[in-house]
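Structure first, then comments.
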Amino acid sequence: METTEKLKTQNAKAKKMMLWFGIGSICMTFAGLSSAYIVSSKRADWLTQIELPFSFTISTAIIILSSFSIYYSRKMLQENKLNLTKYFLIITLILSFLFTYFQFKGFAEVIDLGYYFTGPESSINTSYLYVLVLLHLAHLFAGIIVVIGLLINTSMGKYSKENSLGIELAETFWHFLDLLWIYLFLFVSFYS
C-alpha cells in the first residue's frame, strides 16, 4: 500500500515537472518572438500607429473569465461535486470558443484596416501580430482538447476528490495560457 502511494506521488511530481518544462519552453518561444518584435521595431518600415482591434480587448476579458471557470471546476471536484465540475468545464469550453471567435474577428478587423500578413500591403508589425496570436491560439487549441478530455473523464467517473491530478495540471496550463495572452495583449498594445 505504501509503495503504491509512493509511486502515485512520484508519478504526480513527474507529470507536474513535465508540465513546467513545457511551460518553460513556451515562455522561451514567446520571449524570443518578443525580442524579435522589439529589435524589428527599429526598422524603417515599422508602422507606429497600429492599434489592436477592440475584439482583442473583448477576448482578453473572456479569457480572464475562463480562468475563473476552470478554477471553479477544480474547486468543485475537490468538494466531490461532479455535476458542478462538469458545468464549469463546459463554461470554460464555451468561453474558449468565444475567445477564439473574437480572435478571428480581430483578425478580420486588422484586414479591414488594410494590414495583411503577407503581400505588398503587409507590414512587419502585422506579420508579428499574426504569428504571436496564431501561436497562442495553437496552444489554446491544445488546452481546449485537454478540457474536452477532462469533461469526458469526469463524466466517466475517472476524477474525484482523491484523483484530481489531471484537472490540476489542466488548470495550471490554462492559467498559463491566460497570463500569456494578457502579456501578449499588453506587450503589443504598449510597444506599438
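According to my numbering, the stretch in the sequence shown is residues 1 to 192, in order.
Each residue gets a CB set at the ideal place from its N, CA and C atoms; glycine is no exception.
C-alpha of VAL110 to C-alpha of ILE50: approximately 9 Å in a straight line. Counted as a single uninterrupted DSSP element, the alpha helix (DSSP H) harbouring ASP112 occupies residues 82–112. A residue is called buried once 16 or more other Cβ atoms fall within 10 Å of its Cβ, and LYS86 is buried on that count. Secondary structure of TYR128 (DSSP, three-state): helix. Sequence-distant Cβ neighbours of LEU93 in its own chain, meaning closer than 6 Å and more than five residues away, are VAL147. Rounded to the nearest angstrom, the gap between the Cα atoms of SER123 and PHE88 is 41 Å. Ranked by how close their Cα comes to the Cα of SER25, the residues ALA61, GLU162, HIS139, LEU84 have HIS139 in first place. Within the same chain, Cβ atoms closer than 8 Å to the Cβ of GLU79 are found at LYS161, the five residues on either side in sequence being excluded. Between the alpha carbons of LYS6 and LYS13 lies a gap of roughly 11 Å. Rounded to the nearest angstrom, the gap between the Cα atoms of SER127 and SER59 is 20 Å. DSSP, read as helix, strand or coil, puts TYR116 in strand. SER123 carries a coil assignment under DSSP once its states are collapsed to helix, strand and coil. Taking the CA atoms as reference points, TRP181 sits about 31 Å from LYS158. Sequence-distant partners of SER69 (beyond 5 residues in either direction) whose C-beta falls short of 7 Å from its own C-beta, in its chain, are PHE88, ILE91, THR92, LEU95. In the DSSP annotation of this structure, the continuous segment of the alpha helix (DSSP H) that includes MET76 starts and ends at 54–78. Contact check for ILE144 against PHE102 fails: the beta carbons are separated by 8 Å or more.
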